[in-house]
Structure formats: C-alpha cells, structure tokens
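Residue numbering for the first sequence follows the working numbering, starting at 1485 and increasing by one per position.
Using N, Cα and C, we set each Cβ at its ideal position, and we do this for glycine too.
These numbers were taken from a predicted model, which means no experiment stands behind them.
First up is the structure itself, then whatever we jot down about it.
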Amino acid sequence: MTEPNKNAVENTTATPSDFIRDIVTQHVAEKRYPLIHTRFPPEPNGYLHIGHAKSICLNFGIAREFGGVCNLRMDDTNPTKEDIEYVESIQEDVNWLISGWANDRLGLKPKGKTPEVTNTNGSPDFILPATTNNDQPASNSEPFYASDYFNQLFEYAVALIRKGKAFVCDLTPDETDEYRRHAKESPFRNRSVEESLDLFARMKAGEFPDGTRTLRAKIDVASPNIWLRDPLIYRIRHAEHHHTGAQWCIYPMYDFAHCLSDYIESITHSICTLEFEVHRPLYDWILESLGLSRLLPKQYEFARLSLGYTVMSKRKLMQLVNEGLVTGWDDPRRPTICGIRRRGVTPEALRNFAYNIGITKYNGLTDVAVLEHAIREDLNKRALRRLVVLRPIKVVITNLDAGRTEELDAVNNPEDENAGKRKIPFSRELYIERDDFAEVPPPKYFRLRPGGEVRLKYAFIIKCDEVVKDAAGKITELRCTADFESKSGGANAGRKVKGTIHWVSATHSVEAEVRLYDRLFTVPEPDAEGDFKRHINPHSLEVVAARCEPSLKEADPRMRYQFERLAYFALDKESMPGKLVFNRTITLKDNWAKEAPRS
RNA sequence: UGCCCGAUGGUGUAACGGUAGCACAAGUGACUCUGAAUCACUUUGUCAUGGUUCAAAUCCAUGUCGGGCAGCCA
C-alpha cells in the first residue's frame, strides 16, 4: 500500500514574498538579531480556525525560511474565558498543521520551566529560552504560557511604579471610561509611588473586590491615541485560572503581558493582525519604559483572513456550537482546523492555500474557490480512485449468467503509477448512478439512455435494451446487454462511445454511510448585515447510503479517496469496521453542471 | 467625532521611479475508459484630481471610498 503522505505536492521550492518577509530579510542582511524568533500566541478560549492557520503558516514559515524558531504560546491572561480543553486542541491543531514542514522549528520549553533572572542591578530582567524538537524529546516539553510569567510581570509592574510610570487608580469602570473619553486625568494619577506600591501589593493580596482598583500606566491622557490615555495594565479578578489555579487574584492586561512575554522569550518579530496596529505605540512604550537590557521585539501587523461563505469570529463559531446548529467544534462544515481536518483536507493543502493568498494589510474577502482549488490540487495527486454509487439504480446484464463473476483490473491512481492496481468484480446485477441514466436525455447528454450505449469504467460497453418500471411509473431496473469484446485489452477495446460511467456489482458491493457536505452558508458574507444564522444553508449536509466496490472494506483513515466522477472522500472518525462512514471533502469540478442548465 | 491603516482585472496578490505579471474564477479549443486531470489560447485592472520627473501603480498634495480602535477582552 502507498504511504499516506506520498506524492504530496507543496510549494516548498518557491519562497513566499510579502512585506513582512521583506523586513525580516533586511534584518537578516544587517545581522540585527542573532536568531529570527517569531511566536504563535493564541488565547485558549476557543478552537483554532483557518484564519489562525494563515498566521501559523506565516510565523512558522518565517522561522523555517530564515533558520529561526517559532514559539507556541498560550496567551492566557484572562482566567474567566479560558480553558484547558482549548489548550489541548490548540496543540493538536498546530502540530497537525506544521508536521513534516516546520515541526523542527517549533519552540517549546522544558516542562515546568519558568524565566530566569538575567540582570540584578536594580531593574528586573528575565529570559526563557526555547528548545526545539531537535534539542529535546517532545514528551519533556510544553508550550509557553503567558501565565507562567505572572511573577515576572508583577515585578515589571512594580518596577514601572517605582519609576513613576504607573499608578494604582481607584476609579470605577464607568468613571475610568468617562475620564478617558474626555481626556481627563484620574484624580489618583499623582498619588505617591509608596502609596501605589502599597495598594498594588494589597491588590495582589486579595484585599479588594473585583473592579475596585486597577494599575494604570502613566502616559498621556490627552493623547489622540486612546491606548496611550493611561491604559489599564492590571485588573482585579478573583477567579481560578486554568494554568495557575488560585494563586492570583490580579491579572495583567493583554498590552502589558504580550510585549513582555515576547521580550522574555527573546522574540524578534511579533506578528499580529491589523486591529492591534493602534496598540503598537503602547507595546513599544512599555518595553522602552522599563529600561530593559536586551534587544526589544517589534510588532508587525497583517490583515486577518476573511473567507467567502463562512464566519470566522470566535463568538459566532461558539454560537453555532451552543445552539446546536452544527454537531461540534469539529463539524466538517466548519472553518475550524479540526473541522477541516475531519473533512479530509490535508495539512499540505491548507499550507498551499495559505501560501497562495499572500500577506498584506488590505482587508479583502478571499474567494472560497481558492481554498477549494488548493484542496483539489492536493487530493488529485494523492487520492486512490474507487468506484462508488451514491444513489443506485439497478442494471441487469441480460447476456451474463447469474452466478458468474468477472475480475477486472482498475488503476488506483492515474497520477501516480506507484499506486498500483486492484481487481473489481463484475456480475449480472450492477448498480449505476441514477443521474447517469436519462429516459428523456437533455441535449449533449452522453450517458446512458434507452437504446443507447455507455462504457462502464474499467469494464464493458453496455447497451440499454429495456426500462422496467413499477406500477407507480418509477424506474426499478434497466435491462442491458454487454459487449464482452469491449473490455480493456479486448478486441473491441478501442470502440468509442461518448460516455463512461462508474458502477458497482450489486452482489459484491458494500454499503457505506456517505456524508455529503456543502458550504454552511448560502451567501458570501453571512455576517455582513443582520443575523448571520438566517443564511445557514439548509442543504449543507445530506446523508446517503452508498454502494461501494468491495476493496473499500479495507479503507484506511490515513488515505484519501476519489470516488470516480464524483468527489474526494475520507473516512470519518465515527467510521468502524463493518460500518463505514465517509465524509465528502470536496466535489470534483463539474462542467456538466454548468452546461446542463443552458439547454 | 477623534486617531490609525488601506485602495492594482470578478476575487486574492506581484511589480521597491523604467515592458502592469501571477494564481483563482470565467470563456474557447485539444485530449480523454473520470463531463475530472492535463495542454493551448482568450477576456477583464493601477480609486479620483492635481503636482514632481525624460519617465509614476510606485514619490508629494487634496479628495473619495473601505477597514480598524475608542472592554477592567485578546
């Protein structure tokens, strides 16, 4: 049997080019950093989706192309939204997507390891180096967690207060909002360093309820950039954290935690999406205000992915799960990485897609056709061809005896001669696809019709002699005669007929549940206006009982299949020996579907 | 409203002051024991107006349109 990953195609030779890689290239040329170090920092509050895949491919791609490292970091500074379930799924999805490509660039840390002090002369300074798969067996490693730096972040915050650059503020959330909107200084802005230090320590000790006090950076309340108007950097939250437990009741805000986590991990290029652009001055301000001794990371922003006929926001994806509109996070109709994987898409296809769409600062809408093309291109090269009839109609070969079986040769993959051949049984009773017979054929129809001929793939040319119907007028079977000389290699093998259709032997075929997936939404931008759920496609899933050629009894979950003339399929995780379940990954391109309605 | 960012065929992107190219999509034809794949060909574009320059998609100015931010979310 062929290796599952053999014959894969990937743009590994072409080097992607975009404005971020241009910057990195220049930094490498001027030897600005000893090592190019990126990071992928998801918040564990949901499952990863194809938009994250774009970011993963960017960050790991850069690490790969420039001989660097990309840390996986849980950006877990908000205990009320995050969960261990998401931590686990994130690791699984990242590993799946980068395996065989950039898994050797994955930056982890030894289990339980926390940052070390690098500078003892007054201001605190911490470092936590990454290890890669090359340095350390994966079982002793774990991802980075922003929450592992809570001690260090606390010390950095104290340092900021000491420098007179942060203060404890007693304003309520509403008041804070109000003051900020009107560019008004907090009445607590000028309280003494000692008092802020004392209050901050007491915040940490749990003396105050949620929302009563915050730690704020002292920057510029009149700044045109809202994020510089004395932004909050710590808030009180009496909540258990999935990673640090009940240790803390104050938690750092994103802006404070992120830049410093990058610094601690020696990140050089901190790449995020466009909505953080206005935060960049704050990112720089915090790092510069602390007077840190090592090279500072820099933030760069690119446009997040929007894809046609789907929704990408975590909130909406969560809503679809909670309201039972899909079966779960890994429902194959969803744009989540696990859903895409379950559907049968390979990591290579997803990476090629990410490569093809490029990286810019323009917020566009990517056509799903680009994704579909990447999937088809990959599957065409690797999928094993099989004959399966989705909606059967019976065909009786009247000039073949009942007990007789012919064994016919079939090519496993015309795109890969190493994939070999297999035998398919042919007998008196067959099934063909209902769509492949038309009693009253439309123009240019070249499949089977009354009195017409068609070739059965890998087998014989048959002629339809009689259409049998039941009392209600429904077609129950087609009675046909076969030209046994027309078999591949036979005397009449070269005989031309217009159509070739797929078939299975009725007696030898095995049943399978086949799940036919279509796009989840009926419009290109479901969330453009109004309620996105109004646009859910009622036909996004159809389940049929299909008849498969017998070789599919040994179907392998690692393999991909093309049911000839129909679509690409993969085994679902619910499939069992004796109870086959296939998911349709994507249909074959169908020009007939475009042609037929014209007539 | 304030601040920030962006605009190249239908869609997504390249061109780094010097021939507007690529991919997807669409269309035509060839081939075909998959109406697939493959191959060949074709259609369609620099937001607008000024300026700088021998030369502008690229630099400058103004405008138009689009997006983002204004959580004790990330």
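Residue j beta carbon less than 9 Å from that of residue i
i	j	result
A1922	A1943	no
L1863	T2069	yes
R1888	R1912	yes
F2053	R2042	no
A1833	R1869	no
L1809	I2020	yes
S1745	Y1633	yes
F1760	A1641	no
E1917	R1999	no
I1611	I1748	yes
L1932	D1920	yes
T1598	N1635	yes
P1627	L1592	yes
V1873	W1987	yes
M1737	T1561	yes
P1816	M1796	no
T1698	T1660	yes
S1777	D1609	yes
T1443	P1594	There is simply no residue 1443 to check, as the chain begins at 1485 and stops at 2083 in what is shown.
Assigned exposure category for residue i - 16 Cβ within 10 Å defines buried
i	result
H1753	buried
H1536	buried
S1970	buried
G1828	buried
A1853	exposed
G1545	buried
T1882	exposed
G1552	buried
D2040	exposed
N1489	At N1489, the pLDDT of 39 sits below 50, so the modelled position is not reliable; the number obtained from the coordinates is stated separately. N1489 comes out exposed.
M1558	buried
W1813	buried
I1504	buried
I1520	buried
T1496	Any reading at T1496 must be qualified, since the residue scores a pLDDT of 48, below 50, and its modelled position is unreliable; the value itself is stated next. Looking at its Cβ environment, which holds fewer than 16 other Cβ atoms inside 10 Å, T1496 is exposed.
T1830	buried
E1487	At E1487, the pLDDT of 38 sits below 50, so the modelled position is not reliable; the number obtained from the coordinates is stated separately. Exposed.
S1501	exposed
T1499	exposed
K2073	exposed
D1682	exposed
W2076	exposed
T1696	exposed
Simplified DSSP state of residue i, which is helix, strand or coil
i	result
P1909	strand
G1792	coil
A1492	Its pLDDT being 48, under 50, A1492 is placed unreliably in this model, and the value from its coordinates should be taken loosely. Residue state, collapsed to three classes: coil.
E1861	helix
N1709	coil
G1823	helix
T1486	Below a pLDDT of 50, predicted positions are generally treated as unreliable, and T1486, at 35, falls in that range; the measurement from the model is reported next regardless. Looking at T1486 - three-state DSSP - the assignment turns out to be coil, as it is neither helix nor strand.
Y1735	strand
Y1663	helix
E1679	helix
R2068	strand
P2081	helix
G1535	helix
K1515	coil
G1887	coil
L1834	helix
D1506	helix
S1970	helix
Counterpart residues of residue i in DSSP-defined beta bridges
i	result
A2029	E1997
S1989	L1914
F2005	I2020
M1434	With the chain represented from 1485 up to 2083, any question about residue 1434 goes unanswered, as that position is not in the structure.
A2051	F2047 and T2071
S1524	In the sequence on display, residue 1524 carries Phe and not Ser. Answer by DSSP bridge pairing, in chain order: L1556.
Cβ-heavy atom distance, residue i to the ligand NAP, below 8 Å
i	result
L2050	In the structure shown, the ligand NAP is absent, as is every other ligand, since no ligand is present at all.
If we count Cβ pairs, one from each stretch, closer than 8 Å, do we get three or more for the stretch 1600–1618 versus the stretch 1564–1573? no
Does the count of Cβ pairs from the stretch 1941–1961 and the stretch 2027–2034 closer than 8 Å reach three? no
Any contact of the stretch 1831–1851 with the stretch 1781–1792, i.e. 3+ C-beta pairs under 8 Å? yes
Counting pairs of beta carbons, one from the stretch 1926–1935 and one from the stretch 1894–1909, are three or more of them closer than 8 Å? no
Using 8 Å as the cut-off, can you tell me whether the stretch 1667–1679 makes contact with the stretch 1645–1659, which would need three or more C-beta pairs spanning the two stretches below that distance? yes
Flag this pair as touching only if the stretch 1708–1728 and the stretch 1610–1628 have three or more C-beta atom pairs under 8 Å; answer yes or no. no
Check whether the stretch 2059–2068 and the stretch 1994–2010 touch, using three or more Cβ-Cβ pairs below 8 Å as the test. yes
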